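Q:
Residue numbers (our numbering): 13 to 246.
#1: Distance, Cα to Cα, residue 130 vs residue 215?
#2: Could you tell me the distance, in whole angstroms, from the CA atom of residue 115 to the CA atom of residue 88?
#3: Applying the criterion that 16 or more other CB atoms from any shown protein chain within 10 Å of the CB defines a buried residue, is residue 35 buried or exposed?
#4: How big is the Cα-Cα spacing for residue 227 and residue 140?
#5: Mind the definition here: the segment 148-164 touches the segment 88-98 only if three or more C-beta pairs lie below 8 angstroms; say whether that holds.
#6: Kindly indicate which residue of 148, 235, 73, 68 has the alpha-carbon position closest to the one of residue 182.
#7: Would you list the one or two residues that DSSP bridges to residue 178?
#8: Would you mind sorting residue 68 into buried or exposed? The rule is 16 or more other CB atoms within 10 Å of its CB.
#9: Going by beta carbon distance, what residues of the same chain come within less than 6 angstroms of residue 255, once the five residues before and after it are set aside?
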């Protein structure tokens, strides 16, 4: 009942601070699988997707004050999808992966969106891990390899000297914690999406995998903010 009441409040046009507080409470509650059973419905998923700005295809990310709401809504969706097979099935019906790819494109070349990008990528990782149909959709319909490779390239701030050769800067500062986390989530999602890509058939696929290989090489030469994070990145 508590989760339902929280979602009823979130469905209304409430203040940002109230939305964040409600989402933080829901995120904690959503760790319990038993609590999730009555609230994992299409309506409730759509409420969270709307708060995460996943329902607006054209609208850009401009209102910085809304960013904490987007992040918390994405965190809630991560917990719910991880803990609920019903939510995993609803994700395919609601075309969640396509909306996440769209949000990821909106984050491109934007400031102050690292947290949004990180949890968007984490959600794509979970969906591609837990639902084989969504993994196939990402790979075949949504250009998932390209979208995720671009997200990884952006997180690593890759500069190119040749088509498949990234610039090597030995004096470069380590990645920030947020950049490292984004790169790690992108790598995890990429692993799932490319898991069945044993045969490369087209010229475009060949280009995409050579491009990704160059970024992965650059990644191995990159350090994170701590030794532990660098090891996790590699």
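All C-beta atoms, glycine included, are put in the ideal place defined by N, C-alpha and C. All of these numbers come straight from a predicted model, not from anything done at the bench.
A: Let me lay it out:
#1: If you number the chain shown from 1, residue 130 lands on position 118. If you number the chain shown from 1, residue 215 lands on position 203. C-alpha separation (whole angstroms): 31 angstroms.
#2: Along the chain shown, read from residue 1 onward, the residue named residue 115 stands at position 103. Along the chain shown, read from residue 1 onward, the residue named residue 88 stands at position 76. Their backbone Cα atoms lie some 16 angstroms apart in a straight line.
#3: Position 23 of the chain shown, counted from the start, is the residue given in the question as residue 35. With 16 or more other Cβ atoms within 10 Å, it is buried.
#4: Taking the chain shown and counting its residues from 1, one reaches residue 227 at position 215. Taking the chain shown and counting its residues from 1, one reaches residue 140 at position 128. Each residue's alpha carbon lies about 21 angstroms from the other.
#5: no
#6: Residue mapping note: residue 182 aligns to position 170 of the chain shown, counting from 1. Residue 182 has its Cα closest to that of 235, out of 148, 235, 73, 68.
#7: Your numbering for residue 178 matches position 166 in the chain shown. Paired residues: 172.
#8: The sequence position of residue 68 within the chain shown is 56, counting from 1. Classification of residue 68: exposed, given that the 10 Å Cβ count is below 16.
#9: Because the chain is modelled from 13 through 246, residue 255 falls outside the range shown and cannot be assessed.
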